[in-house]
Amino acid sequence: MKKKLSFNQNLLIGSLLFGLFFGAGNLIFPVQMGQQAGNHAFTATIGFLITGVGLPILGIIASALSKSESLFDMAKPVSSKYSTVFTCLLYLTIGPLFAIPRTATVAFEVGIHPFISDEYLKIGLIIFSFIFFAITIYFSLKPAQILDWVGRYLTPIFLVLLSVLLVATFVNPMGDASNFAAQGDYVAQPLFTGLLDGYNTMDALASVAFAIIIISNIQKLGVKDSNSIAIETCKSGLVSVVGMAIIYASLAYMGATSLGSVSRADNGGAILSLVSNHYFGVVGQVLLAAIVGVACVKTAIGLITSCAEMFSEMFPKSLSYKKYAIAFTLFSFVIANFGLSNLIKFSIPVLMFLYPLVITLILLSLLTPFINKQSDIYKWTTGLTVIAAFFDLLKALPQPLSDNALVKNLVNLATSYLPGYNYGFGWIIPALCGFIIGLIIWGARGKNSITA
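Here's what the structure looks like:
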């Protein structure tokens, strides 16, 4: 039995993981952050890298260390019912409700919007998203070939195209970031704001979902032993991390220096469009359309594949993998036509709720060698985190929901009693308390109760 992958195979799996991660949000959010952070861009970028790169790799490592083949397995120590509900909610969020539709809307906003007038935007988005999802479902219906399509072909093509624009940014900078004052929360809290910006990529959520794809492809390459799979998963994950960190920092630099030559924009997609036009004119718009198109298609393929595989495993009597893939694609097509700004606005509250739960699950899974997936620890940590995360959801609600009197009173209550709540980290103390309570209960039982 094969014990490890070759160096080239680790690179290939790392390329697949990078390709699955690096899609819509990975392009638009660091650029937007850089432009808004201005002279505080360096500090904000550090925060972004912690949550945008650090958490995803921890998620992959956690899946491997806990020897979990899926998110459902990772969350099962809390309870089977919680695991089912949480898995469904997370996959729907990174799938047809937000992340998959966003791949199409970003590709349209950045690649196609500059070429058509505003009066044709709605019909243009419908036509484009139909073509986009037709291509996506074609590849998604053949999941066995995802390693070749994403890892061997689409990711290298994407990197070559993107490098053209990034090299131009460094060779001929548009301006000096130190000359542009930070905006909004980046003035006083650039690090914490950058940390929260990293949430928007959804990569930490996706990491525990993509683990099933990575592990299955490592197994297909001949590694079957669970310990060896964990080691090879970690090695391949490092390849992905290095690439993501370099590109994130470069995109943030692009945004921070862009105001020397282009105007401010409402979202990162529009900023990328302005920058590419600045450097290469119409050719730059075509180049950017190709960059974003390839990035978004490969991520959409990975998301639909992982969602369909997970739901077909959890509910095998309902629908087959093929039917789930088609259903998610059709639903994503409908949601995509609500537009990019609306998708981002409504996804943020859900992300603020899910991220604390994912982070605590990742940390608990990393501690598997010490706590053995002990049920009490998982239950108490998760239970108190759920309560605190609900207040984070309320705070992030868009208007007019946020103006509701009950919502305002609950937010004020959390502000008064949850340390770190104003920074988006009010869940940390409750989670830590839950962990300690779980440890005490486990100790009181003589450490005889191991798993749920």
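Just so we're aligned, residue 55 is where the sequence shown starts under this note's numbering, counting upward by one.
From the three backbone atoms N, C-alpha and C, an ideal C-beta is built for every residue, glycine too.
Counting only the same chain and skipping the five closest in sequence on each side, list residues whose C-beta sits under 6 Å from that of residue i.
i: Leu448; result: Val461, Leu464 and Val465
i: Ser122; result: Met128
i: Ala260; result: Ile148
i: Ser386; result: Pro150, Ile154 and Pro155
i: Gly101; result: Leu245, Gly248 and Leu249
i: Pro473; result: Ile483
i: Val107; result: Val295, Met298 and Ala299
i: Gly252; result: Phe102, Thr105 and Gly106
i: Pro452; result: Lys399
In terms of alpha-carbon separation, which member of the options lies closest to residue i?
i: Val412; options: Glu173, Gly437, Ser60 and Asn271; result: Gly437
i: Leu29; options: Pro454, Tyr409 and Gly480; result: Not covered by the structure: residue 29. The range shown for the chain is 55 to 506.
i: Thr247; options: Ile495, Pro84 and Gly488; result: Pro84
i: Val241; options: Asp172, Val329, Ile180 and Ala91; result: Ala91
i: Leu119; options: Tyr477, Phe424, Asp446 and Leu451; result: Phe424
i: Thr99; options: Tyr475, Ile380, His332 and Ile301; result: Ile301
i: Asp320; options: Ala231, Phe369 and Gly88; result: Gly88
i: Ala343; options: Thr159, Phe126 and Gln86; result: Thr159
i: Ile267; options: Trp496, Ala362, Ser312 and Val346; result: Ala362
i: Ile345; options: Tyr475, Ile104, Val218 and Leu467; result: Val218
i: Ile380; options: Phe184, Phe126 and Ile170; result: Phe184
i: Lys57; options: Asp279, Asp257, His332 and Gly314; result: Asp279
i: Ser60; options: Ala390, Thr287 and Ser232; result: Thr287
i: Asp446; options: Lys433, Ile180, Ser401 and Cys487; result: Ser401
i: Ala450; options: Leu313, Asn476 and Leu415; result: Asn476
i: Val293; options: His94, Pro110 and Asn93; result: Pro110
i: Gln86; options: Ser470, Leu341 and Gly238; result: Gly238
i: Gly335; options: Asp230, Ser232, Ala485 and Phe169; result: Phe169
i: Thr97; options: Tyr174, Ser232, Gly178 and Thr469; result: Ser232
i: Tyr145; options: Leu275, Leu326, Asp457 and Val404; result: Val404
Compare the C-beta of residue i with all C-beta atoms of chain C and state if any pair is closer than 8 Å.
i: Ser120; result: Here there is only one protein chain, and chain C is not present.
To which residues of the same chain is residue i closer than 7 Å at the C-beta, ignoring the five residues directly before and after it?
i: Leu493; result: Ile431
i: Thr209; result: Ser69, Phe72, Gly73 and Lys352
i: Gly297; result: Phe72
i: Leu455; result: Val461
i: Lys289; result: Asn64
i: Val348; result: Leu208, Ile211, Phe212 and Leu215
i: Ile180; result: Asn391
i: Ser374; result: Ser366
i: Leu341; result: Leu215, Val218, Leu219, Ser330 and Phe334
i: Leu195; result: Lys376 and Ala379
First and last residue of the alpha helix (DSSP H) that includes residue i?
i: Ile185; result: Leu175 to Ser194
i: Ser76; result: Sequence check: residue 76 is Phe here, not Ser. Here Phe76 belongs to no alpha helix (DSSP H), and DSSP marks it neither H nor E.
i: Ala344; result: Gly322 to Met368
i: Ser137; result: Ser134 to Leu146
i: Asp251; result: Pro244 to Tyr253
i: Tyr475; result: No alpha helix (DSSP H) contains Tyr475, which DSSP labels as neither H nor E.
i: Trp434; result: Ser429 to Lys449
i: Leu112; result: Leu109 to Leu119
i: Gly492; result: Ile482 to Ala498
i: Phe126; result: Leu125 to Ala129
i: Lys377; result: Tyr375 to Ala390
i: Pro155; result: Ala153 to Ala161
i: Ala98; result: Ala95 to Leu103
i: Pro210; result: Thr209 to Val225
i: Phe234; result: First-last for Phe234: undefined, no H or E at that position.
Excluding five sequence neighbours on each side, which residues of the same chain lie with their C-beta closer than 8 Å to the C-beta of residue i?
i: Thr505; result: Bear in mind that a pLDDT of 49 at Thr505, under 50, signals an unreliable position, so the number given afterwards is only what the model happens to contain. Taken in chain order, the residues that qualify are Pro131, Asn426, Lys427, Gln428 and Ser429.
i: Ser304; result: Leu220, Thr223 and Phe224
i: Phe264; result: Leu71, Leu74, Phe75, Ile114, Gly356 and Ser360
i: Phe126; result: Ser137, Thr138, Thr141, Met364, Glu367 and Met368
i: Ile191; result: Ile358, Ala379, Ile380 and Thr383
i: Leu328; result: Ser312, Val316, Ser317 and Ala319
Please determine whether the Cβ atom of residue i lies at a distance below 7 Å from any heavy atom of the ligand GTP.
i: Ile148; result: Questions concerning the ligand GTP fall outside what the structure shown contains, since it holds no ligand whatsoever.
| Is it a yes or a no for the segment 108-120 touching the segment 217-230, going by three-plus beta-carbon pairs under 8 Å? | no
| query | Between the segment 299-312 and the segment 133-147, are three or more C-beta pairs nearer than 8 Å? | reply | no
| message | Taking 8 Å as the cut-off, does the segment 149-167 touch the segment 348-367 (at least 3 CB pairs, one atom from each stretch)? | response | yes
| task | Pair every Cβ in the segment 269-285 with every Cβ in the segment 374-384, then say whether three or more of these pairs are closer than 8 Å. | result | no
| message | Check whether the segment 439-447 and the segment 474-484 are in contact - that is, three or more C-beta pairs closer than 8 Å. | response | yes
| task | For the segment 313-327 and the segment 160-177, state whether three or more C-beta atom pairs, one from each stretch, are separated by less than 8 Å. | result | yes
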